[in-house]
Amino acid sequence: MTQPRQPPPAPHVRKSSPIPWVIFAVLVVVAGIVLVPKLFGNDSADDGPQPVAAAEQDPLLVAVQKCDPGKDGTKLSDSNRKLTIKGAGVKSPDGLSESAVTCVFDTLQVPGALADRMYGTVAADGKLQGDWPGFTAAWTNDQNEGLTVTVTRD
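Those letters in the sequence shown? Residues 0 to 153, per numbering that gives the first Met the number 0, in order.
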């Protein structure tokens, strides 16, 4: 008696693990997160005043470099802890323009209410003071002589 023919056994097929593909995908995503900002980063140093990050060591120096590179109306002293800003006035045109002073204020993140108070001061008010986190300011504002502000970093 003959036995019926059986089909030959199927060769053993090994299933591949998805783990190497998952690891590869994770590496691609991480590389994209790290490299893409560096390749396509926006160097915004020349886009006007940018707020000074809290981690920067010399915010007053940064303000001078951004807003008064010719040092026409600013003076750093006391190991870059004190910045004197001299705004232009009617009889004293030497000094910073109002837009340059505003640039310094924006860079140092002077609160708007304090900046308005500085601009609104008159000679009869004398020397006034104010502060915001990390800084103290003392100023006088005379229409003829201009706004003079001394900012001290705490």
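In this text, a Cβ means the ideal position worked out from N, Cα and C, and glycines have one as well.
### Query
Between V61 and A30, what straight-line distance do the alpha-carbon atoms span, to the nearest angstrom?
Cα to Cα, V61 sits roughly 32 Å from A30.
### Task
Find the nearest neighbour of D93 within the set F23, S76, D71, judged by alpha-carbon distance.
Of the candidates F23, S76, D71, the one whose C-alpha sits nearest the C-alpha of D93 is D71.
### Query
Rounded to a whole number of angstroms, what is the C-alpha to C-alpha distance between A44 and C102?
Residue confidence is low: A44 scores 47 on pLDDT, short of 50, so the model does not pin down where it sits. No coordinate-derived value is stated.
### Task
Would you identify the three-state DSSP class for S16, choosing helix, strand or coil?
The three-state secondary structure of S16, taken from DSSP, is coil.
### Burial state of V109, where buried means 16 or more other Cβ atoms lie within 10 Å
V109 should be labelled buried.
### Message
If I follow the unbroken alpha helix (DSSP H) through D105, where does it start and stop?
### Response
Per DSSP, D105 belongs to the alpha helix (DSSP H) from 97–106.
### Task
Buried or exposed for D115, please, with buried defined as at least 16 other CB atoms from any protein chain shown within 10 angstroms of its CB.
Label assigned to D115: exposed.
### Query
Around the Cβ of W138, are there at least 16 other Cβ atoms within 10 angstroms (buried) or fewer (exposed)?
It is buried - the Cβ of W138 has at least 16 other Cβ atoms within 10 Å.
### Query
Under 8 Å between C-beta atoms, does V21 make it to chain C?
Although the question refers to chain C, the structure presented lacks it and comprises just one protein chain.
### Message
Determine whether the beta carbon atoms of N140 and V121 lie at a separation below 8 Å.
### Response
Yes.
#### Entry: Cutoff 7 Å; reference L107; Cβ partners in own chain excluding five residues on either side
Apart from sequence neighbours up to five positions away, the residues of its chain that approach L107 with a beta-carbon distance below 7 Å are V51, P58, A62, F134, V150, ordered along the chain.
### Task
Since I believe A99 is in contact with C66 (beta carbons under 8 Å), could you give me their beta-carbon distance rounded to a whole number of angstroms?
Confirmed, Cβ separation roughly 5 Å.
### Task
With DSSP as the reference, label K65 as helix, strand or coil.
DSSP places K65 in helix when its eight states are reduced to three.
#### Entry: Separation of F39 from S78, as counted between CA atoms
Rounded to whole angstroms, the gap between the alpha carbons of S78 and F39 is 36 Å.
#### Entry: Proximal residues to Q128 (C-beta, below 6 Å), its chain only, five neighbours per side dropped
Hits under 6 Å: A137.
### Task
Report yes if the CB atom of K85 is closer than 8 Å to the CB atom of G125, and no otherwise.
With contacts defined as CB atoms closer than 8 Å, K85 and G125 fail to qualify as a contacting pair.
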